[in-house]
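In the numbering used here, the protein residues as written are 19 to 311. Heads up, the beta-carbon is just placed ideally off N, CA and C, and yes, glycines get one too. Below is one structure; the comments refer to it alone.
So this is what it looks like as structure tokens:
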């Protein structure tokens with residue numbers, strides 16, 4: 019399948035799965051039904067849904083750059099988001115086409131990028147064997163591991179009154195998660211609290227890359243990023259590289275993530291739950307905070 023960036027758009031709404039005839043969910047892309055032995059007092063064979071995890075190679079102008087373990091869906095958006103978040107391209111204008119091919123054990127996503135982006139990539143190319151939950155595998159030096167973050171402008175605000183609904187969108191985005199309990203989600207919420215779109219994956223870094231790719235391809239500029247996971251250094255760094263100004267995370271931040279957010283000018287809130295959140299960096303963007311919130 020070959021896609022041209024100019025014609026590429028990602029649907030914002032999750033797909034509803036299920037069959038009216040049986041009420042049993044159909045297997046969505048990225049899920050498999052496997053045989054299990056269930057230890058709950060019953061006997062006999064049983065089955066359960068599990069999320070797929072496959073190697074996906076990102077290939078730039080014919081040169082393989084990274085192999086990541088992901089679910090086999092939204093791979094074009096993943097490639098775009100990864101390319102932007104890693105600084106391989108400066109904008110989608112430098113991506114001329116994307117082709118997804120089956121390989122013997124996974125997928126290859128082949129990107130055609132501008133010559134200037136490709137030569138810059140070759141000059142700092144690193145061998146990076148990605149694993150679930152790890153976005154820094156294979157870096158060649160400590161300097162490569164912790165980079166100076168991009169500084170974002172301060173042009174937006176986000177009302178804390180929209181936080182509860184924003185958190186609810188995480189469940190909407192997790193089609194595979196609802197079926198398997200095995201994914202992380204990232205969603206983009208508009209300034210008025212409505213959902214722009216979401217993405218999920220077995221790896222939280224990949225879920226974020228997919229969401230950042232959808233954001234770039236669909237032109238979602240203003241709003242907030244909401245994560246179902248903790249806020250680590252690389253999650254903040256990736257978001258800042260793509261110009262994200264506001265991040266809400268369900269779980270904890272790391273100290274390096276907080277420091278990175280403060281340096282990058284990113285508003286970072288974590289431990290987000292219904293009606294509450296802890297803001298660790300640049301609280302000035304969060305509006306409608308009243309005493310007792």
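Euclidean distance between Cα positions of residue i and residue j
i           : j           : result
residue 46  : residue 90  : 11 Å
residue 192 : residue 130 : 30 Å
residue 135 : residue 114 : 11 Å
residue 208 : residue 55  : 44 Å
residue 200 : residue 190 : 15 Å
residue 261 : residue 65  : 43 Å
residue 306 : residue 283 : 20 Å
residue 142 : residue 99  : 19 Å
residue 211 : residue 181 : 8 Å
Sub-9 Å separation of residue i and residue j beta-carbons
i           : j           : result
residue 241 : residue 172 : no
residue 231 : residue 95  : yes
residue 168 : residue 259 : yes
residue 184 : residue 202 : no
residue 244 : residue 204 : yes
residue 105 : residue 75  : no
residue 304 : residue 178 : yes
Enclosing beta strand (DSSP E) for residue i [first to last residue]
i           : result
residue 294 : 294 to 299
residue 117 : 113 to 120
residue 137 : Note, residue 137: premise wrong, no beta strand (DSSP E); alpha helix (DSSP H) at 133 to 141.
residue 227 : Per DSSP, residue 227 belongs to no beta strand (DSSP E); it is in the alpha helix (DSSP H), 222 to 236.
residue 81  : 81 to 88
Residue i, enclosing alpha helix (DSSP H) - first and last residue
i           : result
residue 273 : 273 to 282
residue 198 : 193 to 198
residue 257 : 251 to 259
residue 98  : 93 to 103
Own chain, CB closer than 6 Å to residue i, minus 5 neighbours either side, in chain order
i           : result
residue 132 : 112
residue 308 : none
Close beta carbons around residue i, own chain, < 8 Å, minus the five adjacent residues each side
i          : result
residue 49 : 67, 68, 69, 70, 194, 197, 198
Close Cβ partners of residue i (< 7 Å) along its chain, the five nearest in sequence each way excluded
i          : result
residue 92 : 217, 228
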